[in-house]
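Asker: Numbering-wise, the sequence shown is residues 2 to 205 according to the working numbering.
Provided herewith is a single structure, encoded as structure tokens, for subsequent inquiry.
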Amino acid sequence: MLVVVVSTAGCSGGGSGSDGPIVAEASPATVGGDVLSETGYERVSSTNETLNTSFTLSIQGDVEAQPTFEVTATVHRAVYRRSLPEGRATFAVLSAPTVKPSEALASRVDPFGDRTAAALVANATGHAVSGLEHRENRTVTMLGNETTLRLFEGTVARDGEEAAATVAVATVRDGTDEITAAAVYPRSADERAAVERLLAGIEH
């Protein structure tokens, strides 16, 4: 019996899993124009970013090994905003590639590993959020698949100020990419329906 355990790291490190880094690039994930018009959101940026990370496979069986693989991954980020009477609302979609460095793996690996909700939101929206308290989970549709939308209350820091915010985050695997959608909006605003419509309107 072969057992494979994956542990990931947030930054690059030396390793012996391959002669060079695994290079992977995600396909863009965006919100359709009709849905943007319907919800009142506008795209403010669409960027690619190349990141370096590493992960280690712990392979247990007839032969035990712990190879470390370095990954150079290009992620795509699309950010949308709209102005509300209560303040600014942000919605973002981040697509990151998964990799399969070994045939011993039954599935592909997210090279960035398990991330907290705050880290997912920061990576997608660029906003620093803190003090997150989980409020509820909702089942939503994203890229044709049902997934869990996690809702939190917390604080967002932007433009040199802090404000009470509702934070929403959902992830889904689509093809070989890991898609994260995140929303940050004023806690006093009722933006849930718009967020769920944006989620349903993601294209990849």
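Ideal Cβ positions, reconstructed from N, Cα and C, are used throughout, including at glycine.
Since we're looking at a predicted model, the values are computed, not measured.
Out of curiosity, what's the CA-to-CA distance linking E39 and T69?
Answerer: As a position in the sequence shown, residue 39 is number 38, starting the count at 1. As a position in the sequence shown, residue 69 is number 68, starting the count at 1. Straight-line Cα distance between these residues: approximately 46 Å.
Asker: If you run the structure through DSSP and keep just helix, strand and coil, what is A93?
Answerer: By 1-based counting over the sequence shown, the position of residue 93 is 92. Strand.
Asker: Rounding to the nearest angstrom, what Cα-Cα distance links A27 and D178 in this structure?
Answerer: Here residue 27 corresponds to residue number 26 of the sequence shown, with the count starting at 1. Here residue 178 corresponds to residue number 177 of the sequence shown, with the count starting at 1. Whole-angstrom Cα-Cα distance: 6 Å.
Asker: Per DSSP, what kind of secondary structure is S55 in: helix, strand or coil?
Answerer: Here residue 55 refers to the residue found at position 54 of the sequence shown. Strand, per DSSP.
Asker: If you drop the 5 nearest sequence neighbours on each side, which residues of the same chain put their C-beta closer than 7 Å to that of V24?
Answerer: Counted from its first residue, the sequence shown places residue 24 at position 23. Apart from the 5 residues on each side of it in sequence, V24 sits with its Cβ closer than 7 Å to the Cβ of T73 in its chain, given in chain order.
Asker: Select from V130, N146 and T172 the residue whose C-alpha is nearest the C-alpha of G155.
Answerer: In the sequence shown, the residue the question calls residue 155 occupies position 154. Cα-wise, what sits closest to G155 is V130.
Asker: For A194, count neighbouring C-beta atoms within 10 Å of its own C-beta (all shown protein chains included) and say buried if the count is 16 or more, exposed if not.
Answerer: Position 193 of the sequence shown holds residue 194. So A194 ends up on the exposed side.
Asker: Check whether the segment 40-56 and the segment 71-89 touch, using three or more Cβ-Cβ pairs below 8 Å as the test.
Answerer: yes
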